[in-house]
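Trainee: Just add 56 to wherever you are in the sequence shown, counting from 1, and you've got the working numbering.
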Amino acid sequence: MARFVNCPQTTAFIPTAFLLNVHLLFTFLLSTQLRLTRAQDAPIYFNPIPVSAPAYARATTHLYVVSGAAAANPGLRIPQFLALDLHVPWNTTSPAWSKHADGGPMQDLFPAAFSADEKILYTFHADKSSSPMQWDSETEVWMSVTNVRFENATWQGIGAVTDPRTGLIYLAGGYNDDSNLGNNPLFLAMDVFDPVSQTYYGNVWCKTRSSILYWGGNAYQSDPSTQLVSEFKVDTQDWSVMVTTGPTPPMRADHCMAANEDGTKVVIYGGRLYKGAVVGDVSVLDTTTKTWTTGVSGQPRMYVACTVAGDQLLIWGGKAADNLAPPPDLIIYNFVTRIWTTQYTPPEFYKNLKSPGPWWEWI
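1) Here's a check: name, in chain order, each residue in its chain whose Cβ is nearer than 6 Å to the Cβ of N316, leaving out the five neighbours to either side.
2) If D192 sits next to I176, beta carbons under 8 Å apart, how far is it from one beta carbon to the other, in whole angstroms?
3) Would you check if there are 3 or more beta carbon pairs closer than 8 Å linking the region 285-297 to the region 331-339?
4) Please look up how many angstroms separate the CB atoms of L178 and A169, rounded, as I've assumed it's under 8 Å.
5) Measure the beta-carbon distance from S123 to I105 and round it to whole angstroms, keeping in mind my assumption that it falls under 8 Å.
6) DSSP has L423 in a bridge; who is on the other side?
7) Buried or exposed: F405, going by 16 or more other Cβ atoms within 10 Å of its Cβ?
8) With DSSP as the reference, please indicate the residues paired to I324 in a beta bridge.
9) How many whole angstroms separate the CB atoms of G302 and T343, which I take to be in contact at a CB cut-off of 8 Å?
10) According to DSSP, simplified to helix, strand and coil, what is E174?
11) Of the choices A376, V392, D385, whose alpha-carbon is the least far from that of V352?
12) Provide the residue span of the beta strand (DSSP E) that contains G215, from first to last.
13) How would you label L165, buried or exposed, when you count the other beta carbons within 10 angstroms and need 16 or more for buried?
14) With 9 Å set as the bound, which would you pick, yes or no: does the beta-carbon of T117 sit closer than that to a beta-carbon of chain C?
15) Got a sec? Which residues, its chain only, sit under 6 Å from Q399 by beta carbon, not counting five neighbours each side?
16) Tell me the residue span of the beta strand (DSSP E) that contains Q355.
17) Among residues of its own chain, excluding the 5 on either side of V299, which ones have a beta-carbon nearer than 8 Å to its beta-carbon?
18) Is it buried or exposed for E174, if we count other Cβ within 10 angstroms and need 16 for buried?
19) Report back the beta-carbon spacing between P356 and A376 to the nearest angstrom; my notes put them in contact at under 8 Å.
20) Just curious, the beta strand (DSSP E) that V204 is in, first and last residue?
21) Provide the residue span of the beta strand (DSSP E) that contains M298, from first to last.
22) Using CA atoms only, rank isn't needed, just tell me which of L284, V217, M307 is closest to S267.
23) With G258 as the anchor, note down where its beta strand (DSSP E) starts and where it stops.
24) In the DSSP assignment, find the beta strand (DSSP E) that holds Q190 and state where it starts and stops.
25) R394 by DSSP, collapsed to three states: which one?
26) Just curious, the beta strand (DSSP E) that H118 is in, first and last residue?
27) What does the alpha-carbon distance come out to for the pair T116 and L140?
28) Please classify Q96 as buried or exposed, where buried requires at least 16 other C-beta atoms within 10 Å of its C-beta.
Written as structure tokens, this is what we have:
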């Protein structure tokens with residue numbers, strides 16, 4: 057006969073310390089999994105070699121940087137072609153760099169400019185070549201523009217600016233030989249001016265004024281006596297001086313000059329003063345009121361690559377003095393909040409960009 061024994065109901069005793077340890081272990085495992093998930097989700101960007109005096113040009117959502125000099129040896133040019141993504145947020149500890157295929161010019165102190173549709177990137181002053189080079193963004197191929205050559209293509213300190221309405225590229229003071237422009241439609245129509253009073257100047261397209269603004273640079277014969285903003289009105293082909301107010305920055309060369317998307321703000325950063333000192337000061341020109349304001353100084357640098365995205369000035373490469381290696385870090389200055397920051401935040405209106413299309417049509 058089977059016996060059934062009624063046992064009293066009991067409750068197992070689990071020490072509080074054990075429960076606490078289990079809770080902590082679970083929390084640790086969960087947080088570890090979250091960190092691993094976030095690490096896996098975080099993009100891994102290319103880590104470029106820092107350079108000084110590269111060629112650079114802005115496209116819709118990217119800053120393109122070509123070659124440049126490395127370390128203390130100005131003759132050591134780096135075969136490096138980079139693009140910085142400005143459409144996504146990132147921190148300066150890991151900027152959104154990507155690397156394109158090499159094969160372009162190996163040079164420093166040379167200009168670059170995009171075609172109006174941003175499909176072709178042109179560089180000038182190629183080493184041992186009188187012809188420009190071009191990169192096709194659709195085929196990712198570099199080639200020499202063999203049907204075009206410039207008599208003085210070895211000159212340094214010449215800038216290049218694209219008129220986005222016509223696609224013409226303007227090089228003030230440089231490569232002055234109209235007889236060898238070949239049968240390339242872009243260069244047949246390109247205006248190449250007689251040398252202006254400076255080289256190693258800054259130049260930007262100003263959308264709101266439909267003009268090209270120039271500032272700074274070295275004079276051929278002597279230092280400029282005044283801090284002038286020179287303006288070239290493209291439609292009338294006239295030069296003039298913009299009369300400005302406010303604290304004008306000291307004249308210099310080898311500096312950064314960049315404009316925001318609608319051309320209402322032009323930012324000057326860094327460069328080398330005429331006495332030789334490398335500076336890190338910031339000045340902002342309001343092209344509507346024609347007024348200068350002084351920003352907060354940052355790291356002294358010259359020969360940088362730079363651009364403006366919204367209210368943010370982005371600066372990479374360059375060097376603090378001759379014979380010094382370029383600094384590895386990218387720096388950001390918000391000229392509205394007047395704060396140097398480590399976080400890049402795309403402007404809100406970048407979300408509505410139409411691609412493809414040049415950035416000057418966004419606004």
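Here a beta-carbon is modelled for each residue, glycine too, at the ideal position from N, C-alpha and C.
Mentor: The structure says:
1) V364
2) 6 Å
3) no
4) In the sequence as presented, Leu is not what sits at residue 178; that position holds Tyr. Indeed, because the Cβ distance is near 6 Å, the residues count as touching under 8 Å.
5) So it is not a contact: roughly 10 Å between Cβ atoms.
6) Here the chain comprises residues numbered 57 to 419, so residue 423 is not present and cannot be evaluated.
7) exposed
8) M313, S339
9) The Cβ separation is near 12 Å, so there is no contact.
10) coil
11) Its Cα nearest to that of V352, the residue V392 stands out among A376, V392, D385.
12) Element bounds for G215: n/a, residue is neither H nor E.
13) Under this definition L165 is a buried residue.
14) You won't find chain C in this structure, because it holds only one protein chain.
15) N147
16) Taken as a continuous stretch (DSSP letters only), Q355 belongs to no beta strand (DSSP E), as it is neither H nor E.
17) Closer than 8 Å at the Cβ level, and outside the excluded window around V299, lie K346.
18) Per the 10 Å Cβ criterion, buried.
19) By a beta-carbon distance limit of 8 Å, P356 contacts A376. Their separation comes to about 5 Å.
20) Careful: V204 lies outside any beta strand (DSSP E) and carries neither H nor E.
21) It spans 294-298 - the beta strand (DSSP E) in which M298 sits, taken as one unbroken run.
22) V217
23) 258-262
24) Counting along the chain, the unbroken beta strand (DSSP E) around Q190 starts and ends at 189-192.
25) Reduced to three states, the DSSP call for R394 is coil.
26) 118-122
27) 11 Å
28) Any reading at Q96 needs caution, since the residue's pLDDT is 47, under 50, leaving its predicted position unreliable; the model's value is listed next. Burial call: exposed.
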